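Numbering (our numbering), first residue to last: 4 to 269.
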């Protein structure tokens with residue numbers, strides 16, 4: 004009995020143990036199936052992600068390839084156009100070179116035939132004459148006018164007055180050019196400086212008087228009409244004689260003073 008009971012107990016224990024192991028095994032199988040399902044889901048997710056990324060990259064690469072193809076075609080077109088332009092320019096340059104060469108070949112004989120030595124350089128221009136002084140010009144103008152008027156007038160009546168005027172003008176010219184000599188033989192340094200000052204003043208005064216006389220004569224000729232030309236000529240001659248007489252008197256007085264001053268100082 005005990006043996007049967009022990010056998011029954013062992014069988015029950017074994018059954019309980021086998022049932023527990025079956026449950027554990029079933030749970031383990033379920034867990035394995037769940038894990039495999041999760042792994043499949045994860046694998047599908049990553050596959051989908053990788054496929055989408057690859058597809059997007061592939062699309063981008065295809066777009067870039069298409070753009071590069073279009074740019075390559077455009078560059079090939081530009082290159083062909085540039086080659087055509089270069090060829091055309093080379094042809095034009097060659098034509099121009101040929102025409103120029105033919106022109107040069109045609110011109111060379113003419114140049115050799117017409118070649119002549121260059122003309123000699125022109126001689127240098129002569130130096131300009133020295134400018135005359137205003138006083139000389141005025142006196143020459145006065146002389147020419149006097150001669151013209153004397154030629155137009157009666158030669159018998161104008162001969163004495165013309166000689167007198169000519170002598171007076173010549174004398175005045177000589178005095179203006181040479182100056183008035185008032186220095187005695189023996190003179191100290193102060194008298195020499197005074198003589199130089201007096202000479203320059205006399206020369207200036209003579210020039211000023213001659214200019215004033217010429218200006219007065221010009222103004223009188225402009226104011227008077229053609230009917231009073233003879234009267235104006237007579238008045239101008241009288242004024243000229245008066246001025247010359249005053250100059251002579253002034254020169255005589257200056258000479259007398261210069262001769263008296265050294266004797267009084269001694």
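Cβ coordinates follow ideal geometry from the N, Cα and C atoms, glycine included. Small disclaimer: the values here were computed from a predicted structure and weren't measured.
Straight-line Cα distance separating residue j from residue i
i	j	result
residue 100	residue 62	57 Å
residue 60	residue 68	12 Å
residue 19	residue 29	15 Å
residue 103	residue 75	42 Å
residue 44	residue 32	18 Å
residue 34	residue 50	24 Å
residue 167	residue 256	23 Å
residue 217	residue 169	15 Å
residue 24	residue 13	16 Å
residue 244	residue 172	10 Å
residue 84	residue 64	30 Å
residue 55	residue 42	20 Å
residue 71	residue 107	53 Å
residue 57	residue 37	30 Å
residue 40	residue 47	11 Å
residue 92	residue 105	20 Å
residue 88	residue 77	17 Å
residue 73	residue 66	11 Å
residue 22	residue 53	46 Å
residue 86	residue 94	12 Å
residue 82	residue 90	12 Å
Residue of the options minimising C-alpha distance to residue i
i	options	result
residue 204	13, 19, 179, 77	179
residue 247	221, 223, 215	215
Cut-off 8 Å between Cβ atoms - residues of its own chain near residue i, not counting five sequence neighbours on either side
i	result
residue 250	175, 178, 209, 212
residue 242	216, 219, 220
residue 97	none
CB contact below 8 Å: residue i versus chain C
i	result
residue 70	Protein chains in the displayed structure number just one, and chain C is not present.
Close-in-space but distant-in-sequence residues of the same chain around residue i (CB under 7 Å, 5 per side omitted)
i	result
residue 80	none
residue 110	none
residue 268	Low per-residue confidence applies at residue 268: pLDDT is 47, beneath 50, and the placement is therefore not dependable enough to give any value.
residue 26	none
residue 253	none
residue 191	Annotation note: pLDDT 48 at residue 191 (below 50); position unreliable, no value reported.
Residue i: CB within 7 Å of a non-hydrogen atom of the ligand ADP
i	result
residue 217	For the ligand ADP, the structure offers nothing, since it holds no ligand at all.
Which ranges does the beta strand (DSSP E) cover as unbroken runs of at least 3 residues, wholly within the region 29-57, from first to last along the chain?
Counting only runs of 3 or more, we get nothing.
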